[in-house]
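Numbering (this note's numbering), first residue to last: 422 to 825.
So the structure is just underneath, and the comments pick up after that.
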């Protein structure tokens with residue numbers, strides 16, 4: 422009889438109370454039950470956290486307000502696992518639902534930026550490569566990207582010798598990366614609509630990446646606690662003691678510690694939780710890869726315009742830098758300004774590292790196009806190289822030896 426009453430009471434609480442709590446938390450995250458695609462919803466999704474909150478979170482760059490709200494909701498649900506362990510599976514499923522829906526919203530925002538308006542299902546070159554499973558897999562194995570991902574995973578370890586950063590390994594990565602990119606770049610002519618020329622969109626992509634990466638890193642802490650709690654429920658004590666708007670105090674939560682043995686959390690739900698986090702991280706890295714490719718595609722686009730006017734160097738009338746080279750420099754400077762305020766230092770450095778090697782390789786391999794070049798043309802070419810080197814110096818703060 423007591424077992425029957427306990428089961429009925431548990432079901433009643435789940436249906437009447439737990440469901441309402443989860444609904445309230447979803448609403449606090451401003452997560453609509455329908456998939457909204459209106460301009461208003463898009464503007465809300467791209468809104469950044471206030472500068473005061475950014476300082477409180479000790480973030481050097483802002484993240485999306487929507488991502489922060491999702492995290493706070495997930496955090497509240499994790500703490501509810503501690504308060505009501507018997508309903509842990511329900512809370513875990515609610516977290517998964519929040520993560521998948523936020524990932525879907527961010528992906529829609531991402532696609533609205535990279536897809537071409539005049540051609541359904543077609544996007545800029547960088548995303549065309551990234552969304553192809555085989556090409557994506559190949560790009561992720563490029564030495565430069567692979568080394569960055571491994572460094573990013575190890576950055577919190579105490580002992581990290583950074584053996585990958587010696588000169589020989591860096592040159593190897595740059596060579597392999599450039600070979601891979603040039604094979605793809607040289608397959609067809611590029612137009613301006615094949616690249617992302619809107620710097621606001623570039624900034625939005627960087628912000629979405631940073632926000633999703635931040636969300637993943639924050640949730641790893643809670644996932645690890647829940648995973649350890651399957652073997653030892655005392656780990657629930659390490660869940661955050663601070664709850665906003667739920668009304669639970671540290672003292673009351675401590676009193677509930679005797680009920681930890683009632684924890685009902687399945688391995689399957691934790692695995693789904695892990696998969697949801699991985700989809701967040703995968704989208705984050707896909708966006709970073711798009712930015713990585715986009716910068717190099719900008720270089721290839723402007724240099725392709727430059728190489729269409731090789732006859733100008735046979736009959737050069739002046740020694741001023743080529744207008745297409747100056748356009749490339751202005752573009753790189755704008756990309757630098759945009760991304761420097763939207764990405765952390767390591768990611769910014771990763772995106773621009775080796776750019777001089779890429780540019781130098783393109784210039785050297787395309788030199789046979791100049792069947793004849795005058796003395797003035799040679800001087801003009803030298804000034805082109807010097808102008809590019811100056812721009813890269815401003816971006817990297819050190820001269821690029823590949824162009825010197």
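Even glycine gets a Cβ: it sits at the ideal position worked out from N, Cα and C.
Would you check if the distance between the CB atom of residue i and the CB atom of residue j is smaller than 8 Å?
i	j	result
residue 770	residue 624	no
residue 631	residue 467	no
residue 527	residue 604	no
residue 816	residue 753	yes
residue 495	residue 640	yes
residue 616	residue 719	yes
residue 498	residue 512	yes
residue 801	residue 735	no
residue 786	residue 731	no
residue 537	residue 564	no
residue 712	residue 626	yes
residue 442	residue 697	no
Going by C-alpha to C-alpha distance, which of the options sits closest to residue i?
i	options	result
residue 728	807, 556 and 792	792
residue 779	595, 690, 704 and 523	595
residue 519	445, 659 and 602	445
residue 599	774, 805 and 434	774
residue 573	705, 760, 740 and 798	705
residue 440	492, 814, 755 and 501	501
residue 716	777, 493 and 589	777
residue 743	759, 725 and 755	725
residue 534	568, 593 and 619	619
residue 688	593, 465, 531 and 649	649
residue 784	768, 434 and 810	810
residue 491	524, 479, 477 and 434	524
residue 602	696, 532 and 722	722
residue 507	781, 657, 552 and 570	657
residue 747	767, 812 and 696	812
residue 529	464, 768 and 435	464
residue 549	570, 614, 568 and 589	614
residue 806	558, 621 and 781	781
residue 591	471, 797, 478 and 569	569
Return the Cβ separation of residue i and residue j in integer angstroms, given the expectation that the two are a contact with Cβ distance under 8 Å.
i	j	result
residue 515	residue 685	That belief does not hold up - the Cβ atoms of residue 515 and residue 685 are roughly 14 Å apart, past 8 Å.
residue 654	residue 682	6 Å
residue 714	residue 547	4 Å
residue 488	residue 636	5 Å
residue 481	residue 761	Not a contact, Cβ separation roughly 11 Å.
residue 733	residue 808	Between residue 808 and residue 733 the Cβ distance is about 16 Å, and since that is not below 8 Å, they are no contact.
residue 493	residue 660	The Cβ separation is near 14 Å, so there is no contact.
residue 644	residue 694	6 Å
residue 804	residue 759	Between residue 759 and residue 804 the Cβ distance is about 27 Å, and since that is not below 8 Å, they are no contact.
residue 469	residue 486	6 Å
residue 708	residue 531	6 Å
Across which residues does DSSP place residue i in a beta bridge pair?
i	result
residue 536	544
At the 8 Å Cβ level, is residue i part of the contact set with chain C, yes or no?
i	result
residue 567	Within the model displayed, chain C is absent; a lone protein chain is all it includes.
Would the C-beta of residue i count as close to the ligand GDP, meaning under 7 Å from any of its heavy atoms?
i	result
residue 469	Only the bare structure without any ligand can be found here, which leaves the ligand GDP out of the picture.
List, from N- to C-terminal side, the alpha helix (DSSP H) runs of 4 residues or more that fit wholly inside the region 458-489. 460-466 and 472-477
Quick check on the DSSP output: what are the complete beta strand (DSSP E) runs of length 3 or more inside the region 752-809, in order along the chain? none
Which full runs of the alpha helix (DSSP H) of 4+ residues lie inside the region 504-536, going along the chain? 509-535
Complete runs of the beta strand (DSSP E) confined to the region 595-646 [at least 3 residues]: none
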